[in-house]
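Since the structure comes first, as structure tokens, the remarks are kept for the end.
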Amino acid sequence: MLAAVFSSRHTVYQDSEKGYVFVDRDGKHFRHILNWLRDGVVPTLTDSEYSELIREAEYYQLLDLSLVDFSFACLKNVFFSRANLQCAKFRDVDAVGSNFHNATLRECEFTGANLRGALLAGANLQSANLQDASLIDCSFCVADLRSAHLQSADLTDANLEGANLEGANLKGAKLSNANLKGANLQRAYLRHVNLRDTHLEGAKLDGANLLGAIR
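Heads up: the sequence shown at position 184 corresponds to 184 in UniProt numbering, and the numbers run straight through without jumps.
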């Protein structure tokens, strides 16, 4: 926070005699940020308060949320764009409509999460665990899903155009009307997956395991 304050991007008022700087922080939201920085505990707030808190964290450039455990939280429509969430836990969260655009989600755990309609375009989801997650109508355009675990995930109507799914495990995933145009599915595990209604134009399937897949 102090680095942001004294970065010359903001006007800093100093004491005319001694040069002191008084930092008047927002007591309503910033206390949650200080508590999180101290002990890593995510506060229980309403949906609107979560959004306000994320905006406050953005302002102070506190976007490193790696290793934070959000499990079972309500995170509807929360703005996580560009945040560093590596290894964070999102087990069984309700994150409908949330924005993870260009976020770092490497090795995150989303098992059983509801991410319906979420924006994950450009996100780094390498080795992330999305087993049994509801990913209906999500956008994963050009996202990095290499070696991701997507077993039994529901990707109905999801947009994965240009996504990198090399080595990803999609066993039992639902891909009805999913857009995988231009996606990299090389060495992906697609056994027993129904691809009949999936858009695969230009997709790379070299070395993919398609045993028992319906095409």
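Note that beta-carbon positions come from the ideal geometry of N, C-alpha and C, so glycine has one too.
Opening and closing residue of the alpha helix (DSSP H) in which residue i lies
i, result
"residue 206", "It is not in any alpha helix (DSSP H) - residue 206 carries neither H nor E in the DSSP assignment."
"residue 58", "47-59"
Rounded straight-line distance, which links the Cα of residue j to that of residue i
i, j, result
"residue 77", "residue 171", "29 Å"
"residue 121", "residue 132", "20 Å"
"residue 43", "residue 53", "10 Å"
"residue 144", "residue 169", "14 Å"
"residue 19", "residue 124", "44 Å"
"residue 102", "residue 215", "32 Å"
"residue 73", "residue 82", "20 Å"
"residue 79", "residue 105", "14 Å"
"residue 128", "residue 28", "34 Å"
"residue 210", "residue 176", "16 Å"
"residue 166", "residue 179", "16 Å"
"residue 138", "residue 35", "32 Å"
"residue 192", "residue 30", "49 Å"
"residue 14", "residue 69", "39 Å"
"residue 107", "residue 126", "6 Å"
Same chain only: Cβ atoms within 7 Å of residue i, ignoring 5 sequence neighbours per side
i, result
"residue 174", "154, 155, 156"
"residue 112", "91, 92, 132, 133"
"residue 130", "110, 148, 149, 150, 153"
"residue 207", "186, 187"
"residue 32", "43, 53"
"residue 135", "115, 153, 154, 155, 158"
"residue 142", "121, 122, 162, 163"
"residue 65", "83, 84, 85, 88"
Buried versus exposed call for residue i [16 or more other C-beta atoms within 10 Å across all chains shown]
i, result
"residue 46", "exposed"
"residue 48", "exposed"
"residue 196", "exposed"
"residue 16", "exposed"
"residue 55", "exposed"
"residue 216", "The displayed coordinates of the chain run from 1 to 215. Any statement about residue 216 would go beyond what the structure contains."
Bridge partners - residue i, DSSP secondary structure assignment
i, result
"residue 74", "94"
"residue 104", "84, 124"
"residue 149", "129, 169"
"residue 134", "114, 154"
"residue 189", "169, 209"
Neighbourhood of residue i by C-beta, 8 Å cutoff - its chain only, sequence neighbours within 5 removed
i, result
"residue 181", "161, 162, 199, 200, 201, 202, 203"
Proximal residues to residue i (C-beta, below 6 Å), its chain only, five neighbours per side dropped
i, result
"residue 67", "87"
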